[in-house]
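**Student:**
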Amino acid sequence: MKLFLFDPGMVPDYTYELATSLSKVSNSINVYSGSDFGDKVLNFKNFNYHRNFINVNSIKNDFIKKIIKACLYLFFLFYFLKIVKKEKPDILHLQWIRVPIIDNLLLHYFQKYTKVILTLHNTTLNHGDHSSYVAKILSLGFERALKKTTRIILHTNYSKDKLLQEFPSFSDKADIIPHGLLKFPGLSEDNIINYDFGNKTVLLFFGNFNKYKGLDVLIEAMQYLREEEVTLLIAGRPQIPLEPLLDLSKELDVSDKIIWYPHFIDEKYVSEFFQHAHVIILPHRNIDQSGVLATAVYYEKPIIASRIGGFLEVIKDNKHGFLFENGNSKDLSLKISSFIHQNKFEIFSKEMRNLKNSWKSWDEISIDHLAVYTQSLGKN
22 MKLFLFDPGM VPDYTYELAT SLSKVSNSIN VYSGSDFGDK VLNFKNFNYH
72 RNFINVNSIK NDFIKKIIKA CLYLFFLFYF LKIVKKEKPD ILHLQWIRVP
122 IIDNLLLHYF QKYTKVILTL HNTTLNHGDH SSYVAKILSL GFERALKKTT
172 RIILHTNYSK DKLLQEFPSF SDKADIIPHG LLKFPGLSED NIINYDFGNK
222 TVLLFFGNFN KYKGLDVLIE AMQYLREEEV TLLIAGRPQI PLEPLLDLSK
272 ELDVSDKIIW YPHFIDEKYV SEFFQHAHVI ILPHRNIDQS GVLATAVYYE
322 KPIIASRIGG FLEVIKDNKH GFLFENGNSK DLSLKISSFI HQNKFEIFSK
372 EMRNLKNSWK SWDEISIDHL AVYTQSLGKN
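Note that the numbering used here numbers the sequence shown so that position 63 is 84, with each residue one more than the last.
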């Protein structure tokens, strides 16, 4: 079976783990990605890796960066179509629909040469952002793009139910395969967090800053925790303007309780951030499933998360951490206080360890994918 995995730089860690496990049971895998896997390329021994995007992160102007990225994405989609037309893989597994109005056109041609599998990591396009005309235009063609796939893989029952509620005709091609745990290298010899937390409880918000992730809700919760010995560590790359968040922390007089690391975090430093954390905060406004959640489980860290979406299928309230009312900063602060004063760290950590041990391995997940591929090839 000749398999092409295509990820336009959206879920590099997921793509890496899946490709690595699939390569143990299949000898013809090609990964096409917009991600720079760094030192991980040294592990790419059983599959071919093709990087088809140029790194534009050094460009400071966000508008120019977005224009260049859009042009590159369009160019390499058509370049990739040329490769698919020539190679005719048995399976083309897409990890994301990024711009449906464009992807829909390409899928029309892809399906002529191969079976197209799509992993729909998030059923809410643009994470529910319909605030601009650009976002609305970019959302056009989503249903038509989905129709051109052979099968659709989702991570949770919540995601499947949500998809079929909107598009019931897809019920015969929707499969659930869980998101695997994301693991990272051990502690690096050089540190990037030069701060003494002392005896304070460390809350960690980790990952890209996006509106749907509710970072503002978390900052608002800090105003109710002024008397607590607590520090909020915010780490990740801003994909929304940072100034309003900084202004909010100053307005609420909580700046002294927050440490900011607003940068891309190389995987070799991920362990350092999670080592310092007592609890991971996921204040998302909407979510299907989260790579940060999968990382927190790997590090056996308790979680305080919004009571929404795929979180409900993983986090059991007062067992693995706490769930709070979506968007309610006061309720979030109460859950954080309960975590501190009830001394729940060791109890929750033990339950997180049990959760980690019960999680499906990537090898098991790869077998599930092979079953989907095989079923797809059996279709006319």
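Each residue gets a CB set at the ideal place from its N, CA and C atoms; glycine is no exception.
Thinking C-alpha only, which one of 112, 27, 28 is nearest residue 392?
**Tutor:** On the sequence shown, residue 392 is found 371 positions in, with the first residue counted as 1. Comparing Cα-Cα distances from residue 392 to each of 112, 27, 28, the minimum goes to 112.
**Student:** Pull up the DSSP beta-bridge partners for residue 342, would you.
**Tutor:** Stepping through the sequence shown from its first residue, residue 342 is reached at position 321. According to DSSP, which records beta bridges pairwise, residue 342 is partnered with 324, 338.
**Student:** How long is the line joining the alpha carbons of residue 401 and residue 107, rounded to whole angstroms?
**Tutor:** In the sequence shown, the residue the question calls residue 401 occupies position 380. In the sequence shown, the residue the question calls residue 107 occupies position 86. Caution is warranted here: a pLDDT of 45 is assigned to residue 401, below 50, making its placement in the model unreliable, and no coordinate value can be reported.
**Student:** Can you tell me which of the three DSSP states residue 392 falls into?
**Tutor:** Position 371 of the sequence shown, counted from the first residue, corresponds to residue 392. Residue 392 falls in the helix class under three-state DSSP.
**Student:** Which first and last residues belong to the alpha helix (DSSP H) in which residue 130 is found?
**Tutor:** For this step, residue 130 is matched to residue 109 along the sequence shown. Note, residue 130: alpha helix (DSSP H), 121-134.
**Student:** Provide the residue(s) that pair with residue 254 in DSSP beta bridges, ordered along the chain.
**Tutor:** Here residue 254 refers to the residue found at position 233 when the sequence shown is read from its first residue. 225, 280.
**Student:** I'd like the span of the beta strand (DSSP E) that includes residue 71, first residue to last.
**Tutor:** One-based indexing of the sequence shown puts residue 71 at position 50. Start and end: 69-72.
**Student:** Who are the Cβ neighbours of residue 376 in its own chain at under 7 Å, not counting the five residues just before and after it?
**Tutor:** Numbered from its first residue, the sequence shown carries residue 376 at position 355. Taken in chain order, the residues that qualify are 318, 341.
**Student:** Who are the Cβ neighbours of residue 289 in its own chain at under 6 Å, not counting the five residues just before and after it?
**Tutor:** Taking the first residue of the sequence shown as 1, we reach residue 289 at position 268. Closer than 6 Å at Cβ, skipping near neighbours: 206, 209.
**Student:** Under 8 Å by Cβ, that's how I've got residue 314 and residue 324 pegged, so tell me the actual separation to the nearest angstrom.
**Tutor:** Numbered from 1 along the sequence shown, position 293 holds the residue referred to as residue 314. Numbered from 1 along the sequence shown, position 303 holds the residue referred to as residue 324. That pair is a contact at about 7 Å.
**Student:** Just to confirm my understanding: we take residue 114, look at its own chain, exclude 5 residues before and 5 after, and list those with CB closer than 6 Å. What are they?
**Tutor:** As a first step, residue 114 must be located in the sequence shown, where it is residue number 93. 26, 138, listed in sequence order.
**Student:** With respect to the alpha helix (DSSP H) encompassing residue 317, which residues constitute its N-terminal and C-terminal limits?
**Tutor:** Residue numbering aside, residue 317 sits at position 296 when the sequence shown is read from its first letter. Note, residue 317: alpha helix (DSSP H), 312-319.
**Student:** Near residue 143, what residues of its chain come up, given a Cβ to Cβ distance below 7 Å and the 5 sequence neighbours on each side ignored?
**Tutor:** For this step, residue 143 is matched to residue 122 along the sequence shown. The residues are 309.
**Student:** Would you say the beta carbon of residue 116 is closer than 7 Å to some non-hydrogen atom of the ligand MN?
**Tutor:** The ligand MN is absent from the structure shown, which contains no ligand whatsoever.
**Student:** Here's a check: name, in chain order, each residue in its chain whose Cβ is nearer than 7 Å to the Cβ of residue 331, leaving out the five neighbours to either side.
**Tutor:** The residue you call residue 331 lines up with position 310 of the sequence shown. Excluding positions up to five away in sequence, the list reads 176, 177, 179, 180, 308, 309, 310.
**Student:** Find the nearest neighbour of residue 298 within the set 224, 345, 187, judged by alpha-carbon distance.
**Tutor:** Here residue 298 is taken as the residue at index 277 of the sequence shown, counted from 1. Ranking 224, 345, 187 by Cα distance to residue 298 puts 224 first.
**Student:** On the DSSP bridge list, what partners appear for residue 110?
**Tutor:** For the purposes of this step, residue 110 is taken as residue 89 along the sequence shown, with counting starting at 1. The partner list for residue 110 (beta bridge, DSSP) is empty, contrary to what the question assumes.
**Student:** For the pair the stretch 378-387 and the stretch 41-53, tell me if three or more CB-CB distances fall below 8 Å.
**Tutor:** Yes: the two stretches touch, three or more of their Cβ pairs being nearer than 8 Å.
**Student:** Which residue wins for smallest C-alpha separation from residue 234, given the options 215, 190, 336, 304?
**Tutor:** In the sequence shown, the residue the question calls residue 234 occupies position 213. When each option's Cα is compared against that of residue 234, the closest is 304.
**Student:** Where do the N-terminal and C-terminal ends of the alpha helix (DSSP H) with residue 360 fall, by residue?
**Tutor:** Looking up residue 360 in the sequence shown gives position 339. Looking at the DSSP string, the run of the alpha helix (DSSP H) that includes residue 360 is 350-362.
**Student:** Do the stretch 254-265 and the stretch 277-292 touch if we need at least three Cβ pairs shorter than 8 Å?
**Tutor:** Verdict: yes, contact present.
**Student:** For residue 374, does the three-state DSSP call read helix, strand or coil?
**Tutor:** One-based indexing of the sequence shown puts residue 374 at position 353. In this structure, residue 374 counts as helix in the three-state DSSP scheme.
**Student:** Per DSSP, what are the beta-bridge partners of residue 195 in this structure?
**Tutor:** Reading the sequence shown from its first residue, position 174 is the one you call residue 195. In DSSP, residue 195 forms a bridge with 173.
**Student:** Can at least three beta-carbon pairs, one atom from the stretch 238-247 and one from the stretch 343-356, be found at a separation below 8 Å?
**Tutor:** Yes: at least three Cβ pairs fall under 8 Å.
**Student:** State the Cα-Cα distance for the pair residue 327 and residue 381, rounded to the nearest angstrom.
**Tutor:** On the sequence shown, position 306 is the one that residue 327 refers to. On the sequence shown, position 360 is the one that residue 381 refers to. If you take the alpha carbons of residue 327 and residue 381, they lie about 24 Å apart.
**Student:** Going by DSSP, which residues form a beta bridge with residue 101?
**Tutor:** The residue you call residue 101 lines up with position 80 of the sequence shown. Answer is none; residue 101 lacks a bridge partner.
**Student:** What are the boundary residues of the beta strand (DSSP E) that residue 118 is part of?
**Tutor:** Here the question's residue 118 lines up with position 97 in the sequence shown. First-last for residue 118: undefined, no H or E at that position.
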